[in-house]
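Chemist: Taking UniProt numbering, the leading residue of the sequence shown gets 1, the next gets one more, and so forth. Ideal placement from N, C-alpha and C gives every residue a C-beta, glycine not left out. In this text, all values refer to a predicted model and were calculated from it rather than measured experimentally.
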Amino acid sequence: MLNKVELLSPVGSIEALYAAVENGADAVYLGGKLFNARQYASNFDYEELEEAIKYAHIRNVKIYVTLNIMLSDEEIKEAIDYLIFLYNIDVDAIIIQDLGLAMLVRNILPDLEIHGSTQMSINNHMGVKFLEELGFERVVLARELNLKETRYIKENTNVELETFIHGALCVCYSGQCLMSSMIGGRSGNRGTCAQTCRMKYSIVDSNTNKVFAKDFEEKHILSPKDLNTVEYLNDIVDSGVDSLKIEGRMKKPEYVAIVIDKYRKALDDVLNKRTKSIKDKDQKDMAQMFNRGFTKGYIKDDFGEDYVSIDKPNNRGIYIGDVIKIDKKYIHVKLKENLNKGDGIEFINRNSTSEGIIVDKLILADNIVDHCEKGNVVKVKFVKGVLNNAKVHKTYDIKLNQLARESFENKKNKKMFPIDMDIKINIGKPIELKVSDGNRLITVISDELVERAMKVSLKKEKVENQMSKLGDTPYILKNIKIDLEDGAMVPISVLNKVRRIAIEKLDEKRSNFNNRMEIRKEDLNDRINQVYDFPLNNIRKTRQISVKIDTLNQFKQLNLNKLDRIYLNFRENLLDCIKEVKKYNKQVYISTEKIISNMEFANLKNDFDKIITEIDGISVSNIGTLKFIKDNYKTNIHCDIGLNIFNSLNAKLLYQNKVSSLTLSPELKLNQISKICKNNFMEYESIVYGYLPLMTMKYCPMSLIKKCKSSKDCSSCNFKENYGLYDRKGMTFEFKRKEETTTIYNSQSLMVIDYLDKIYSSNVNLGRLDFTLEKDNINEIQSMYYDFANNKVDIKEVEKFVDYFKLNKGITKGHYFRGIL
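Here you go:
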């Protein structure tokens, strides 16, 4: 048998927990009411968390609790209380996104296991190594990795690796999506994603806003299919991953039951080296519970139209037949699959409109029936809007859902654990009962003494009968040894009491996985104070302007005398650009990409070795790149927005890892920025102009038009820029492809020049201008910002400038004053 690989189930409610455990999950992940990335799931209150952990642990299932959002400074103290509670109720691990929270946990609760969330965007071995050094025991890898990349990471690191194998996908690298946040104020980094990726868009020419291809007008361009890798578990296990994760904390218990059951059986076949093909029925059952169409995902290098589902963003069920006739009372359907009363069906017209019903009456050959076999023509009630020749999909199967529910409600289907008993009943002595589950031994001595029978003595059959009455417990009596003295008499109530106490003690032992001593907050005060001991920020506050550019054309438009720092990316003429900037005695930083693959670090080192003495620092947007630069160069390190710096603890951890300056998250409000900037000995930067990057994706929308089957040869593609996504509100979100990564930018530029005084007053050192899509107006924008920052123009000129851009191009103030949910 192969080494054990964990099957990890989503749980959004107590019933979903029962479904996961009883259908074979080795571990589950769930969220409490606080600090988790699925704030719209049912989630668990404190009492339910305790109940869940006891239930799971007794049945040998681990529980991981999600704290996988970015925390604000105001929330840290509440998070400490929550962490202590989770520790004391024996949570097996926490899943986190926030590096500051990781530092906090390692300092105050060093033996609490930490897993790095996929929200951390860990896509390379250097990122895993960085988390390993911080004390993470496991890392959930980015869903964009294929098996070759995963295997490389496993071979070059020492922590457990977890990968997603089934369920909904984010089109964006998790943790790098600002689209929901910037459009509607609901942030994926705060657990309130509005799923803007599931909305309709049209692919347009960004210069003219004209639809580029009619086939891709008002389609769900950014909506991925659901991941399904059940047929490839052997390859996935062979890559070295330790945990196989199923998505679905928003899904109902029946979904969890069916999907876990199918993957449990398939994984057991792999681990036991049984060669079996996946049954069509198993695939059909999973599709019936929920699917947007299935993809193998990037695990098996699916791309383009194999990855997204542009026609429908929600459950499509399974195809079961066609509408062949419509009359005044009924819709006539030719069935290709069975149909039952109580099923949910959806009629999908050729024009993509649809109508859905619950089948409350089935008519077969003029007879009302509860069930109809495939091959027949059945009549269901008339529904307005359904057209002839419509496709019929079953979106809810009543019998499959009943079967799923029985799997965790019917005792005969539940997981049972055999126990052995050894009971001694001797006259004049207390009863002694020993109970063993094979790993633990419980001994119970009764308070009462065994008496001599006056008439009828106790029989062994009666003792065994009472000891085997284990009720709703997960135990079944396998063997019992009874030492019963002749003539002994014990009240049945005493036997029951001894058995009950023994089972309660066994439950207690089985539920205590981690053997922790209870901790009180007051015992941790010294450790907490150490975490909050920030270096005094006595860096001289200045009103500096930094500029980040993307193209040589943008560089040529700059006035190099009107900036304090510039961020350049790698290009053929990079050295010439550096030398030009240095003529003006300005700081030069090289910016690196958000997404760096395992094999790119060698090229990165070769490139930096050539220029490291010519530059002032390096800007990183990837945790792995931070680790790489820290290990290889003695230079200033700047952390960009890809690291989601959202609180003072996050900044402190980066400071401890040789970071000298950072760009704060664009999701922060001004008062939150002010709190962070008061702490930590470093320079703080905030973006004050630019089209903010809303999504960073491996996927490319133009792959739908070109029918691309891979992300190769992107550098020579004619469609890598000058295109956008046009939404229902008339906004165009331009996107650009660079190598194997697409970035979608906001439809309006951030412009807060009229609030620069307030921003600098919050202790920000650098106001950054981000030039990404701009082809012109660069010198004009730069000059106005620089001159106002240096008191060379007055506010009236600035207001005219802002009004012009507001009227002609549209602008946004971002989250400086409105914040996010």
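1) Does the region 700 to 711 come close enough to the region 674 to 688 to have 3 or more Cβ pairs within less than 8 Å?
2) Going by DSSP in three states, Cys639 sits in which element: helix, strand or coil?
3) Considering only residues of the same chain and omitting the five flanking positions on each side of Ala287, which have a CB-CB separation below 6 Å?
4) What's the gap between the Cα of Lys583 and the Cα of Asp564?
5) Relative to the C-alpha of Leu470, which candidate in Asn439, Leu400, Leu506 has its C-alpha closest?
6) With burial defined as no fewer than 16 other Cβ atoms inside 10 Å of the residue's Cβ, what is the status of Gly610: buried or exposed?
7) Could you compute how far the alpha carbon of Lys265 sits from the alpha carbon of Glu149?
8) Using CA atoms only, rank isn't needed, just tell me which of Glu451, Asp472, Leu558, Lys478 is closest to Pro491.
9) Taking buried to mean at least 16 other C-beta atoms within 10 Å of its own C-beta, is Pro110 buried or exposed?
10) Exposed or buried, which one is Gly304 when buried takes at least 16 other CB atoms within 10 Å?
11) What did DSSP end up calling Ala194 once you bin it into helix, strand or coil?
12) Lys399 to Asn340, Cα distance in whole Å?
13) Run through DSSP, which three-state label would Arg220 get?
14) Which residues in the same chain as Asn401 place their Cβ atom closer than 7 Å to its Cβ, once the five residues preceding and following it in sequence are excluded?
15) The alpha helix (DSSP H) spanning Gln466 covers which residue range?
16) Count the other CB atoms, across all protein chains shown, that sit within 10 Å of the CB of Ala213; report buried if there are 16 or more and exposed otherwise.
17) Could you pull the start and end residues of the alpha helix (DSSP H) that Ala79 belongs to?
18) Within its chain, find whatever has a CB closer than 8 Å to the CB of Val456; leave out the 5 residues flanking it on each side and keep chain order.
19) Around the Cβ of Ser202, are there at least 16 other Cβ atoms within 10 angstroms (buried) or fewer (exposed)?
20) Would the region 16 to 27 and the region 257 to 277 be scored as touching if the rule is three or more Cβ pairs under 8 Å?
21) Considering only C-alpha positions, which residue in the set Phe608, Arg151, Val798 is nearest to Asp754?
22) With distances taken from CA atoms, which of Ala789, Ser661, Ser686 is nearest Gln672?
23) Within this structure, are the beta carbons of Ile425 and Val435 separated by less than 8 Å?
24) Sorted by chain position, which residues of the same chain lie with C-beta nearer than 7 Å to Ile482's C-beta, five sequence neighbours on each side aside?
25) Using only CA atoms, which one of Pro535, Tyr87, Ile676, Phe44 lies nearest to Ser72?
26) For Phe164, count neighbouring C-beta atoms within 10 Å of its own C-beta (all shown protein chains included) and say buried if the count is 16 or more, exposed if not.
27) What is the rounded straight-line gap between the Cα of Ser621 and the Cα of Leu568?
28) Can you round the beta-carbon distance between Ile221 and Ile310 to whole angstroms, since I take them to be within the 8 Å contact cut?
29) Exposed or buried, what is Arg440 when buried is set at 16 or more other beta-carbons lying within 10 Å of its beta-carbon?
30) With distances taken between CB atoms, is the gap from Leu433 to Val444 smaller than 8 Å?
31) Of the residues Asp640, Lys738, Leu694, Tyr691, which one's Cα is nearest the Cα of Asp713?
32) The alpha helix (DSSP H) spanning Met182 covers which residue range?
33) Tell me which residues share the same chain as Arg186 and place their Cβ nearer than 8 Å to its Cβ, disregarding the 5 neighbours each side in the sequence.
34) How big is the Cα-Cα spacing for Arg543 and Ile795?
35) Rounding to the nearest angstrom, what Cα-Cα distance links Leu575 and Asp770 in this structure?
36) What does a CB cutoff of less than 8 Å around Lys414 pick up in its chain, not counting 5 residues either side in sequence?
Modeler: Quick look at the numbers:
1) no
2) strand
3) Ile318
4) 13 Å
5) Leu506
6) For clarity, residue 610 is Lys in the given sequence; the question names Gly instead. By the 10 Å Cβ count, Lys610 comes out exposed.
7) 27 Å
8) Glu451
9) exposed
10) buried
11) coil
12) 8 Å
13) Before going further, note that residue 220 is His rather than Arg in the sequence given. His220: coil per DSSP, three-state reduction.
14) Glu254
15) 460 to 467
16) exposed
17) 76 to 88
18) Met489
19) buried
20) yes
21) Val798
22) Ser686
23) no
24) Ile423, Lys460, Val463, Glu464
25) Ile676
26) buried
27) 14 Å
28) 6 Å
29) exposed
30) yes
31) Lys738
32) 179 to 184
33) Ser180, Thr192, Cys193, Ala194, Ile820, Leu821
34) 16 Å
35) 21 Å
36) Glu22, Phe408, Pro474
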